[in-house]
Structure formats: C-alpha cells, structure tokens
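Taking it in order: structure first as structure tokens, then the write-up.
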Amino acid sequence: MTTDAPPSEQREEQTARTSDRWPFDPSKVPFYYGWIVVVVGSIGVLASVPGQTAGVSVFTDELTAATGLTRLQLSIAYLIGTGSSGFLLPRAGRALDRYGSRRIALVAVGGLALTLVGLSMVGPMTTALGLVAMSVGFGCLRFTGQGLLTLSSRTMVSQWFERRRGLVSSSSNAVMSFAFAASPALLLALIDIDGFRTAWRILAVILVVIIGAIVLVLFRDSPETSGLQIDGGLAAPVAPGDAPLAIGSDHDATRDEVVRDLRFWAVAIPVVAMASTSTALTFHILDYGAELGIADDRIVQIFLPIAFVSVPVTLLGGWLIDTISPLYIAAAMSAVQVVMYLTVTMLDRPVAAVIAIVAWGVAQGCYAPLTSAALPRLFGRRHLGAIAGLQMSAMVIGSAIGPALFALIDSIGGSYRPALVLSSALPAAGVAAALIAHRRH
0 MTTDAPPSEQ REEQTARTSD RWPFDPSKVP FYYGWIVVVV GSIGVLASVP
50 GQTAGVSVFT DELTAATGLT RLQLSIAYLI GTGSSGFLLP RAGRALDRYG
100 SRRIALVAVG GLALTLVGLS MVGPMTTALG LVAMSVGFGC LRFTGQGLLT
150 LSSRTMVSQW FERRRGLVSS SSNAVMSFAF AASPALLLAL IDIDGFRTAW
200 RILAVILVVI IGAIVLVLFR DSPETSGLQI DGGLAAPVAP GDAPLAIGSD
250 HDATRDEVVR DLRFWAVAIP VVAMASTSTA LTFHILDYGA ELGIADDRIV
300 QIFLPIAFVS VPVTLLGGWL IDTISPLYIA AAMSAVQVVM YLTVTMLDRP
350 VAAVIAIVAW GVAQGCYAPL TSAALPRLFG RRHLGAIAGL QMSAMVIGSA
400 IGPALFALID SIGGSYRPAL VLSSALPAAG VAAALIAHRR H
C-alpha cells in the first residue's frame, strides 16, 4: 500500500485547483450552488450505469454469442476485470484529491465512452484471446464507470454539505435507486433497436455529448474553490497572488492515519460485506432459486419489496448520520446482515422469506449513508478522495470475489447455503469492530 504524500506535496494538492469559476462563477448564483451539485452529482452517478453490474448483465447473452466465450468464461473475465479495477481505485482517490472532481469525472466519462465503443467491436475469438480481451474490457468498464465516475460524483456532493450531508446524499441515493432498478429494462429496449453494438455506441455518444457537457459546465470541486463557504455564504475574498483557501482543515485525517483507525474499518466492513454477498446473490439468484425449488419469475420478485424497504431506511439513515455517530449505523447494518444471510438460506419458507426481505432492505438502506456521509463526518474533507477511494476499492474487490466464492462453494457442495453461513462471519466481525471503536472514541 502506498503512503500519503509528504507535507510539501500535500500542500501542492491543496492549492492545485485554484479556481472553479469557469465558465461562470458559482458565488453569483442566487442560491447555494451545492443544490446544483447534488443534481449534477446524481446525474454523474446515474451515468455510470454502463459500468455497473446492472448495466453489464443485460449484455451478457449478446457478448457470449458475439465472442464465442461460454458464460463461465465471460464470468471469469468479469471477475479479473472487476478485481483489477478495484486495486487501482486507491490511486484514483489520490488523483481526485489533487485534481478535483470535475477533471477526474471528465477523464472517467471519456474513458467509459471509449471503452463502450471498443467493446461494441468485439467478434469471435479464441478462448485465450477472448479471456484477455474481455478481462481488459471489463476492467476498463468497471474502473471508469463503477469506480472513477461514481467516486468523483459522490465525493463532490459530500464536499458541499456538512450540517445536512447525510440527509442530502441519502435523498439523492433514494431517487437513484429507482433509476438503477429501471436501467436494465431501458438498456434492453436500447438493444432491441439494432443490437448491442449500436446500443453501446449510442450510450457512448450520450456520455460524451450530454454527460461530458454537464461535467464540464456544472461540476465544481468544493465551496472553497468556488468562493463560497460550506452549507452557504460567501467566502472571504482572496487577494490576487494569494493561495486559495484549502479544502477542509489541518486537523483532517490523512489516508495513512485512517488505515490505522478502527473507525474506518468499522464503517468499511459492513458495506464491503454487502457489496460481496448481495452481488453474489444477485448474480446467482436464478440458480439459487432452482436449488430452493422456486421458479425464476417468483425468485426475482424479491427485489421490488427490498427496494420499497430500503428507500425509507436510506432517508432515515441519512437523517440519523447527521445526528448520531456513524458507528451506530455501521453496527446496525452489520447486525442486520447476519440476520439477512441466515434467513436467505430459508427463502422457501414464508416467515423466513419476509424476515430476509426486510433485513436485506434495511441493510441496503444503510449502504448510502455509510458510503456518502460517514467518511467526511469521521475524518474530514481534505483527503476525502483518497479515503473514499480506499473504501470503494475494498467494495469493488469484494463484489468481484463474492460471486466466484459462491460458485466455488456450490460446485464443491452442491448448495449455496454454506456460502451464506460463511459470509455471515464478516458482518459479525463488523459488529465487534463498531462496538470496540465506539468505546475507544
């Protein structure tokens, strides 16, 4: 693991973004510009859909037919690509602190568009060449979409609010959860127009022309670089030649300090566990339903009630994280995941199914507050990109390992249930970490 930059380089990172007043000055807007940031930041996260699991999954059948790879081989390439992108995200977080959300988001939009165009050109390949090519393609897709664009957009929103950060970010995530849920159907409709190649090329044009313009014109790194104070109000004027105001405070934790702080791991463990296990369950849901004797059309129906539970919990969690320690929410999310994993093993029983759906919805609802508001609340904003990049790196790697681990255990024992029981150990450790960290602080 790399260490944080020396003090001289940290000062350079703090002052590298001298102004966010082009093409217009946010301080001249008649209301607090942070509200615009919330909207455009949400659009940025939504634009990452082609690089998210929900956006990639609808292209799987098309890719197997085009490349000649089996579903298993394509899944292996997806695992390699996703895992590799996760290891790159800590460096991306450092770059985000140095160059700002607008520049990094522009790079992400351009990279995602180029990746979509490249993947739209794939054809029949040998197994070895196909594994390499699709691993690289998936790696670029996940790094630019799920990683870079999501990280820069979410971090930007967190930079603009302090008093209401949790509620603002959770409200945004609640709206986006329904948009993400609708995205597979919209992408399938796009594929039906003229195949997956045209669909990806249309998405690439939308990214460059529309999303690129939104990022360039409306994204702003922080209130300080825009002549504003966080939560509203004009900042003190900066004389020509003076260094701009630094983001955050001198007391904000660095990434190296955070790695040694149990509070970071207490809020990271539950979201990593959720990323790993929920991705695995979603990836294998039809096969797991067959194991339980539940028809395909019935097993997929669990996702709608999960969404209806998660949205109000997301809003409640956003309000709570502004008023209580994030460690309480981390402990609750970890505890409810233990219940979720154990009851999901009994989805074929009505009472257990209801408990599992509620627990899954509650755990999913805690996800947004812990990924958007907890880190700046605990560790400040100056090195937020590096810290959030570390958390997201662990989440992405977890989402890559989960489906493979479940498939391996199923191939050995003929059941996914042991994988769920084994997975409950991680959130159980998360409960302990949160309680110990709370006692220390």
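Residue 0 is where the sequence shown starts when you use numbering that gives the first Met the number 0, and the numbers rise one by one after that. Using N, Cα and C, we set each Cβ at its ideal position, and we do this for glycine too. Keep in mind it's a predicted model, so treat the numbers as computed, not measured.
Cβ neighbour criterion (16 or more within 10 Å) applied to residue i
{"i": "residue 300", "result": "exposed"}
{"i": "residue 411", "result": "exposed"}
{"i": "residue 359", "result": "buried"}
{"i": "residue 219", "result": "buried"}
{"i": "residue 128", "result": "exposed"}
{"i": "residue 155", "result": "buried"}
{"i": "residue 278", "result": "buried"}
{"i": "residue 162", "result": "exposed"}
{"i": "residue 246", "result": "buried"}
{"i": "residue 248", "result": "exposed"}
{"i": "residue 71", "result": "exposed"}
{"i": "residue 118", "result": "buried"}
{"i": "residue 96", "result": "buried"}
Top-ranked residue by Cα proximity to residue i, from the options
{"i": "residue 354", "options": "222, 308 and 342", "result": "342"}
{"i": "residue 394", "options": "222, 60, 87 and 98", "result": "87"}
{"i": "residue 339", "options": "362, 317, 320 and 416", "result": "362"}
{"i": "residue 282", "options": "434, 415, 134 and 333", "result": "415"}
{"i": "residue 211", "options": "148, 172 and 369", "result": "148"}
{"i": "residue 31", "options": "167, 231 and 42", "result": "231"}
{"i": "residue 293", "options": "35, 352 and 401", "result": "352"}
{"i": "residue 204", "options": "229, 116 and 105", "result": "116"}
{"i": "residue 308", "options": "130, 40 and 176", "result": "176"}
{"i": "residue 454", "options": "26, 267 and 434", "result": "Residue numbering for the chain in the displayed model covers 0 to 440; residue 454 lies beyond these limits and cannot be assessed."}
Spatial distance of residue i from residue j (CA atoms)
{"i": "residue 347", "j": "residue 398", "result": "25 Å"}
{"i": "residue 387", "j": "residue 378", "result": "10 Å"}
{"i": "residue 93", "j": "residue 385", "result": "5 Å"}
{"i": "residue 67", "j": "residue 184", "result": "25 Å"}
{"i": "residue 206", "j": "residue 329", "result": "35 Å"}
{"i": "residue 349", "j": "residue 186", "result": "33 Å"}
{"i": "residue 10", "j": "residue 382", "result": "Bear in mind that a pLDDT of 43 at residue 10, under 50, signals an unreliable position, so the number given afterwards is only what the model happens to contain. Rounded to the nearest angstrom, the two C-alpha atoms are 11 Å apart."}
{"i": "residue 113", "j": "residue 322", "result": "43 Å"}
{"i": "residue 139", "j": "residue 84", "result": "7 Å"}
{"i": "residue 424", "j": "residue 333", "result": "10 Å"}
{"i": "residue 151", "j": "residue 99", "result": "8 Å"}
{"i": "residue 195", "j": "residue 224", "result": "41 Å"}
{"i": "residue 135", "j": "residue 82", "result": "11 Å"}
{"i": "residue 331", "j": "residue 365", "result": "8 Å"}
{"i": "residue 22", "j": "residue 372", "result": "29 Å"}
{"i": "residue 73", "j": "residue 63", "result": "7 Å"}
{"i": "residue 182", "j": "residue 284", "result": "18 Å"}
{"i": "residue 290", "j": "residue 215", "result": "49 Å"}
{"i": "residue 102", "j": "residue 202", "result": "21 Å"}
{"i": "residue 422", "j": "residue 336", "result": "9 Å"}
{"i": "residue 258", "j": "residue 89", "result": "12 Å"}
{"i": "residue 217", "j": "residue 170", "result": "20 Å"}
{"i": "residue 209", "j": "residue 188", "result": "20 Å"}
{"i": "residue 107", "j": "residue 389", "result": "18 Å"}
{"i": "residue 126", "j": "residue 76", "result": "11 Å"}
{"i": "residue 298", "j": "residue 288", "result": "6 Å"}
For residue i, the three-state DSSP class (helix, strand or coil)
{"i": "residue 68", "result": "coil"}
{"i": "residue 437", "result": "helix"}
{"i": "residue 227", "result": "strand"}
{"i": "residue 220", "result": "coil"}
{"i": "residue 182", "result": "helix"}
{"i": "residue 45", "result": "helix"}
{"i": "residue 324", "result": "coil"}
{"i": "residue 246", "result": "coil"}
{"i": "residue 161", "result": "coil"}
{"i": "residue 346", "result": "coil"}
{"i": "residue 340", "result": "helix"}
{"i": "residue 91", "result": "helix"}
{"i": "residue 77", "result": "helix"}
{"i": "residue 253", "result": "coil"}
{"i": "residue 21", "result": "coil"}
{"i": "residue 58", "result": "coil"}
{"i": "residue 300", "result": "helix"}
{"i": "residue 260", "result": "coil"}
{"i": "residue 421", "result": "helix"}
{"i": "residue 356", "result": "helix"}
Supposed contact pair residue j and residue i - C-beta distance, whole angstroms, cut 8 Å
{"i": "residue 158", "j": "residue 380", "result": "6 Å"}
{"i": "residue 198", "j": "residue 121", "result": "The Cβ separation is near 13 Å, so there is no contact."}
{"i": "residue 54", "j": "residue 111", "result": "Contact flag wrong, Cβ pair sits at about 10 Å."}
{"i": "residue 164", "j": "residue 375", "result": "6 Å"}
{"i": "residue 178", "j": "residue 306", "result": "Not quite, the Cβ-Cβ distance comes to about 11 Å (not below 8 Å), so this is no contact."}
{"i": "residue 440", "j": "residue 254", "result": "About 19 Å separates the two Cβ atoms, so there is no contact after all."}
{"i": "residue 418", "j": "residue 409", "result": "7 Å"}
{"i": "residue 47", "j": "residue 144", "result": "4 Å"}
Residue i CB to nearest heavy atom of the ligand HEM below 7 Å
{"i": "residue 388", "result": "Of ligands this structure carries none, so the ligand HEM is not represented either."}
Min CB distance residue i to chain D below 8 Å
{"i": "residue 292", "result": "No chain D is present in this structure, which holds just one protein chain."}
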